[in-house]
Amino acid sequence: MIEFGRVAEPYGVRGWLRVVVDDPELLAAAPVWWIDGEARTVRESKPHSGTLLARLEGIETPEQARTLKGRAVSIPRPEAGEGRYYWSDLVGLEVRNEQGVVLGVVKQMSSNGAHDVMEVSAMEAAGEKLRLLPFVPAYVKQVDLPNRRIEVEWQVDW
Numbered sequence: 001m002i003e004f005g006r007v008a009e010p011y012g013v014r015g016w017l018r019v020v021v022d023d024p025e026l027l028a029a030a031p032v033w034w035i036d037g038e039a040r041t042v043r044e045s046k047p048h049s050g051t052l053l054a055r056l057e058g059i060e061t062p063e064q065a066r067t068l069k070g071r072a073v074s075i076p077r078p079e080a081g082e083g084r085y086y087w088s089d090l091v092g093l094e095v096r097n098e099q100g101v102v103l104g105v106v107k108q109m110s111s112n113g114a115h116d117v118m119e120v121s122a123m124e125a126a127g128e129k130l131r132l133l134p135f136v137p138a139y140v141k142q143v144d145l146p147n148r149r150i151e152v153e154w155q156v157d158w
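Under this note's numbering, the residue at position 20 of the sequence shown is numbered 20, and the numbers go up by one with no gaps.
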């Protein structure tokens, strides 16, 4: 699940909710929202003044809507697609070069504007060493999520 918004307050007298969300269109397209671990069917929704207004199945009054105030709204995470990855799935993966040498673990991901970058952290005799590796096909040869490892074309002394 991915948290996409938060219920702000009731809207109107028919149980509509105002939801604060970064991407109203994406949340509006989801037919079911998860609030506090419970699936809620969306009857209708529409963007309104930078927020999203929605009517949920079983919420008919402002009083019922008010019980959801402040709650997180989540939807199932869409598949990333072939050869694409969520950064959160890459953090913590072991990074090895093609010779089998462990270069470290992905500490975080970032973007430099041209491409994504892995920050790889390794403990060495002199302390922690950080490497910044471009997350591009020229260097990233394989991402193996089930075995929690990434194989790269990268030398130890780079």
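Beta carbons: idealized from backbone N, C-alpha and C, even for Gly.
Nearest neighbour of residue i, chosen from the options [CA to CA]
| i | options | result |
| --- | --- | --- |
| D157 | F135, L52, A122 | A122 |
| D23 | H48, I35, V91 | H48 |
| K107 | V117, G113, G100, Q99 | V117 |
| R71 | E153, Q142, K141, E3 | E3 |
| V105 | V95, A114, S111 | V95 |
| E44 | G50, P137, A30 | A30 |
| T67 | R18, G100, E82 | R18 |
| V101 | W34, R149, P62, A28 | R149 |
| E9 | L53, I35, V143 | L53 |
| Q142 | H115, G83, G113, V120 | G83 |
| T51 | V20, Q155, A138 | V20 |
Pairwise C-alpha distance: residue j and residue i
| i | j | result |
| --- | --- | --- |
| N97 | L26 | 38 Å |
| M109 | V91 | 7 Å |
| R6 | K69 | 8 Å |
| A28 | L145 | 30 Å |
Proximal residues to residue i (C-beta, below 6 Å), its chain only, five neighbours per side dropped
| i | result |
| --- | --- |
| V12 | One detail in the question is off: residue 12 reads as Gly in this sequence, not Val. So no residue of the chain qualifies. |
Beta-carbon gap between residue i and residue j smaller than 8 Å
| i | j | result |
| --- | --- | --- |
| G15 | I59 | yes |
| V152 | V136 | no |
| E119 | L103 | no |
| M1 | R55 | no |
Cβ-based neighbour list, residue i, same chain, cut-off 7 Å, excluding 5 preceding and 5 following
| i | result |
| --- | --- |
| P134 | H115, V117 |
Close beta carbons around residue i, own chain, < 8 Å, minus the five adjacent residues each side
| i | result |
| --- | --- |
| H128 | Residue identity check: residue 128 is Glu in the sequence provided, not His. Closer than 8 Å at Cβ, skipping near neighbours: S121, A122. |
| V73 | E3, F4, G5, R6, V7, V19, V21, L27, W33, W34, I35 |
So, does the segment 39 to 55 touch the segment 86 to 94, judging by three or more C-beta pairs under 8 Å?
no
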